[in-house]
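**Q** Structure in structure tokens, see below.
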Amino acid sequence: MRHYRYIIVTISLLAMIGVACARQPREEKAVAIMNNYFKHYAKKYPDSILGKYGVNSLKLDGIEEIHKGLVAAVGVLELADGNRLVVKCNLQRKALGWKMVSWENLGIRQSK
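Okay, here's the thing in structure tokens:
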């Protein structure tokens, strides 16, 4: 009888661990992934908008789940010249964490 109790407790704990796994990255993690990607992009393509002006900061507007393991994150990149670039990034869950798989330029907001 005691063995059944241990088995039930073990199964319950494993079920709770499975439920605790996030289907979306934390906001801090998404910002770090996107910021790292755009810094590398600016170095790789110096003639692009990001390469010419550089990225000062990134503010996340929201994260939306497309389907399990794939999310869309909308963020605003603040460039060194004061303008803001709105981007939509797709993040995919890989075996060792989240990875940015694509991004789209949604336009530039002029600084006031």
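So the sequence shown is residues 110 to 221, counted in the numbering used here. Glycine residues also receive a C-beta, built at the ideal position from the N, C-alpha and C atoms.
Within 10 angstroms of its Cβ, does A151 collect 16 or more other Cβ (buried), or is it exposed?
**A** buried
**Q** Within the chosen definition, does the region 151-163 reach the region 196-206 through at least 3 CB pairs nearer than 8 Å?
**A** no
**Q** Could you tell me the alpha carbon to alpha carbon distance between K224 and Q219, rounded to whole angstroms?
**A** Examination of residue 224 is not possible in this model, given that the chain is present from 110 through 221 alone.
**Q** My understanding is that E187 touches A181, with C-beta atoms under 8 Å, so please give their C-beta distance in whole angstroms.
**A** Contact flag wrong, Cβ pair sits at about 20 Å.
**Q** Would a C-beta distance cut-off of 8 Å place K148 and V164 closer than the cut-off?
**A** Closer than 8 Å, so yes.
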